[in-house]
Amino acid sequence: MANLNINSKKENSYDAIVIGSGMSGGWAAKELCEKGLKTLVLERGREVKHVQDYPTTNKMPWEFEHRGAIPEAIKKENPVVSRCYAFREDAQHFFVKDQEHPYVQEKPFDWIRGYQTGGKSLLWARQVQRWSDFDFEGPARDGFAVDWPIRYQDIAPWYSHVEKFIGVSGNKDGRDNLPDGEFLPPFELTAGELYFKDFLRKNYPEREIIVARCAHITGNKEFYAKQGRALCQNRTLCQRGCPFGGYFSSNSSTLPWAANTGNLSMQHHAVVHSIIYDEAKGKATGVRVIDANTGETTEYYAKVIFLNASALNSNLILLNSTSNRFPNGLGNDSGVLGKYVAFHNYRAGISGEYDGLKEYTTEGRRPTSGYFPRFRNVYKQETDFLRGYAAGFSASRSMITDYSGIGEELEQALTREEYGPWRVGSHMMGETIPKEESQVSLDPVKKDAWGIPQLKIAMDYDANDEAMIKDYLEQMTEMFEAAGFTNIRTRDDKRAPGLDIHEMGGARMGNDPETSVLNKWNQIHSCPNVYVTDGACMTSTSTQNPSLTYMAFAARAVDHAVKNMG
Ligand SMILES: Cc1cc2nc3c(=O)[nH]c(=O)nc-3n(C[C@H](O)[C@H](O)[C@H](O)COP(=O)(O)OP(=O)(O)OC[C@H]3O[C@@H](n4cnc5c(N)ncnc54)[C@H](O)[C@@H]3O)c2cc1C
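The structure is reproduced here in C-alpha cells:
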C-alpha cells in the first residue's frame, strides 16, 4: 500500500501546475513549458480543440435554426448568461449555463463564465489597451485601495513580450495615458470617426478618438505561421472560434505552443477543489482535484502553482484552501482575501445621427472600433467623482434595408441602393473603486454538484459611479451636439455589475502583507510558491480592458518563479 502511494505521488508530480487554461493560464503554461518545466494544466471544462471543435465557425446565417437568436425558453432558463451580448446561437456552447454552476447573488451580479479549454479567450472582444502610470499611481494619488507595488516600467517589457506573440493591431498614437505597444498595422477609422476625431482636435484638444488596439493579426505573416495562425480575414465571427487563428485565443496560440515543447500535460474535467498547504514544509505542495464526471478526488503535486481560474473562481479556490496555518483561506493572514473586488461600469451609452459626409459610406467589416481614451481627472482632479471613464466610439453608414412588399416589390426594395444617415454611438467604460464591503465569500450552506461551497457575490455601484455616469452622459451629449449630431439618445440601462466581464480583485497585490494578499511578483506573501496572475490580483481596475495586463503579469511571474526556483 505504502509503495502504491509513493508511486502515485511520483506519477502525479510535476514541476509546475497551472489551474485554468483560459487567457492567463494559457500564458502561464506557455512560459513555464518554454522554460523547460514539466507543467500540468488543470481545466475543469471539456476539451475544445482549435478548429475542429468550433462547430459553427463556417455556418451561414440561414444554417442556424433560429437565425442566430436564442429561443425564449433558453432565455427563461438562463436569465443571467442571456443578458451577455455574445450569448447567441452561434456561440452559446462556449458559455456556462445558469443552472449548471449556481452561485449566490447577495447583490445582483451577472457572472459570465466559459468553462472549457481556453476559457473566455474564445469569446472575448479582443480589445487590448495598455495601462500607464496614471493607472498604476491612481490608488496612491486618489487615496483608495492600496498602492500598487509596481509601476508601468515594471510591466512595460512584459506588455511588449505578450503583444509580439499574440499579435496586436494598433496605431502609435503617442498618448501618455495609453502607451503605445508593439503594433501590427492598424485597422482604419471610418470617415465619420475621423470627422469626430478632427472635431475634437479643434474644440477639445486634450480629447482624442483613436482606433482601438485589438488582438488580431494584420501583418508579419511568417512569424504567426509558426503558431499555425494566419491573417485576420475580417469575418467578425470571432466568438465562434476562428479557423484562421486570426485573433488570439489560448486554443489557437499559447496552448498549442506549450504542447509543442513536449513539456505540457493537460487534464480536462479536472475541478480544482483547493490548494494543499504542507505545514511542515511551510509551502504549497499541490492541489486537490475532483473529476467532474466521476466525482473521484486526486492529488497532484508540484514545486510551483499558478492560479488562473479567472478572478472570482481563483478567490473561491483560495478561500476553500483551508489548513491549520490558514483557517480562513490560503494566504489570508490579512483578512482581505475576497474583499476589495470591483468591476467596470458599462451602464451608460449614447447614440445619434449625422447628416453630413454624404460622399462617404462604410463597407465591409472591421473587428474593432474607435476608442476614446480616458480624459477625466487624468492630470488633475477636475470633477466631484474619483477616477474616470474611457469609451467606445463608432460611426458607420450603411444602406437602408427595406423589407416592404412581396415579390417584385420586395426585390426592388431590397436592391435599392439608398444610404441612411451616419449612425454614431458610444458606450462608457468606467473605473469602479474597490471597497472593503465589495466582497466574495463562501456560502456556509450551499454547495455545488461536487460538494464545493458556492461563491457568494456582493458588489454594487455607489455614489461615485452614479456621478460618473451623469458626467459621461453630459460630456458626450455636449460633444455630440457641438459636432452637429442629431437624434441624440442617451441610456443608463441600470444593468447589474458583471456584464462588463471584467471582474477583478479579492487577492490584491500590495507592498504590505497586512493589507494585501500578493506581493509585487504576484506571489502569495505568506506562501510564495503560489502565484495568482489572473484578475484576482488587481489592486484597482482603471478603465482599460484588463486581459492584456493579466497576460503580462502571468509571463512576468513565470520569469520570476523560474529564476527563483531552488
Ligand atoms: C463576450 C466577452 C467579451 C470580452 N471582451 C474583452 C475584451 O475586449 N478585452 C479584454 O481584455 N477582456 C475581455 N473579456 C474578458 C476576458 O475574456 C477575460 O478577462 C479573460 O478571459 C480572463 O482570463 P482568465 O484566465 O482569468 O479566465 P478565463 O479565460 O475565464 O479562464 C479561466 C479558466 O479556468 C477554468 N476554471 C475555473 N475554475 C476552475 C477550477 N476550480 N478548476 C479547474 N479549472 C477551473 C475555467 O474553466 C476556464 O477555462 C471578454 C469576455 C467575454 C465573455
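If you're matching positions, the sequence shown starts at 1 in the working numbering and goes up one per residue.
Glycine is no exception: its CB is placed at the ideal position from the N, C-alpha and C atoms.
Tell me the rounded alpha-carbon separation between residue i and residue j.
i      : j      : result
Arg46  : Tyr115 : 7 Å
Gly405 : Arg67  : 21 Å
Thr549 : Trp131 : 8 Å
Glu65  : Lys10  : 50 Å
Met23  : Arg416 : 45 Å
Met551 : Tyr403 : 46 Å
Ile433 : Arg175 : 24 Å
Thr401 : Ala191 : 21 Å
Ala311 : His560 : 21 Å
Asn3   : Tyr301 : Legend: pLDDT at Asn3 = 45, less than 50; position of this residue unreliable, value from coordinates given subsequently. Rounded to whole angstroms, Asn3 to Tyr301 spans 17 Å at the Cα level.
Met1   : Gly505 : Here Met1 scores only 38 on pLDDT, less than 50, and its place in the model should not be relied on; the value that follows carries that caveat. When rounded, the distance between both Cα atoms is 44 Å.
Val80  : Glu359 : 43 Å
Phe244 : Ala230 : 5 Å
Ala413 : Ile217 : 38 Å
Arg44  : Thr297 : 13 Å
Met266 : Phe196 : 49 Å
Thr539 : His525 : 15 Å
Asp355 : Gly170 : 29 Å
Gln523 : Leu37  : 18 Å
Hey, would you say residue i sits closer than 8 Å to residue j, going by beta carbons?
i      : j      : result
Val128 : Ser547 : yes
Ser274 : Ala536 : no
Arg376 : Asp512 : no
Trp27  : Ala554 : yes
Val341 : Ser438 : yes
Gly20  : Ala309 : yes
Ile290 : Ala284 : no
Gly392 : Thr543 : no
Val287 : Leu42  : yes
Lys619 : Val424 : Nothing can be reported for residue 619: it is not among the residues displayed for the chain, which extend from 1 to 566.
Phe343 : Gly498 : yes
Considering only the alpha carbon of each residue, which of the options lies closest to residue i?
i      : options                        : result
Ala145 : Lys358, Gly510, Leu32          : Gly510
Phe372 : Pro528, Met476, Gln92, Gly356  : Met476
Leu357 : Gly420, Gly219, Thr383, Gly388 : Gly420
Gly228 : Pro256, Ile210, Val211, Arg207 : Pro256
Lys447 : His101, Ala311, Glu474, Gly241 : His101
Val530 : Ser13, Ser8, Ile17             : Ile17
Phe94  : Ser249, Gly181, Arg207         : Ser249
Val271 : Met429, Asn320, Glu279, Cys84  : Asn320
Ile317 : Pro453, Gly246, Asp90, Ala156  : Pro453
Asn203 : Ile501, Phe480, Lys494         : Phe480
Phe485 : Cys33, Glu193, Lys226, Val558  : Glu193
Lys435 : Gly246, Glu382, Thr361, Lys339 : Lys339
Asp278 : Ser351, Thr294, Arg325, Gly295 : Arg325
Arg365 : Asp180, Phe187, Ala496         : Phe187
For residue i, decide whether its Cβ has a neighbour in chain C, counting only Cβ atoms nearer than 8 Å.
i      : result
Ser396 : Of the protein chains in this structure there is only one, and it is not chain C.
Per DSSP, which one or two residues make a beta bridge with residue i?
i      : result
Val104 : Lys456
Ile290 : Val271, Thr297
Tyr14  : Ala302
Asn588 : Examination of residue 588 is not possible in this model, given that the chain is present from 1 through 566 alone.
Asn569 : Here the chain comprises residues numbered 1 to 566, so residue 569 is not present and cannot be evaluated.
Could you spell out where the beta strand (DSSP E) holding residue i opens and where it closes?
i      : result
Glu431 : 422-431
Leu442 : 439-447
Phe140 : Rather than Phe, the amino acid found at residue 140 in this sequence is Ala. First-last for Ala140: 138-142, but that is the alpha helix (DSSP H), not the beta strand (DSSP E).
Phe393 : 389-396
Let's see if you can read the secondary structure: which residues bound the alpha helix (DSSP H) around residue i?
i      : result
Gly25  : 23-34
Glu193 : 191-203
Pro157 : 152-166
Phe553 : 547-563
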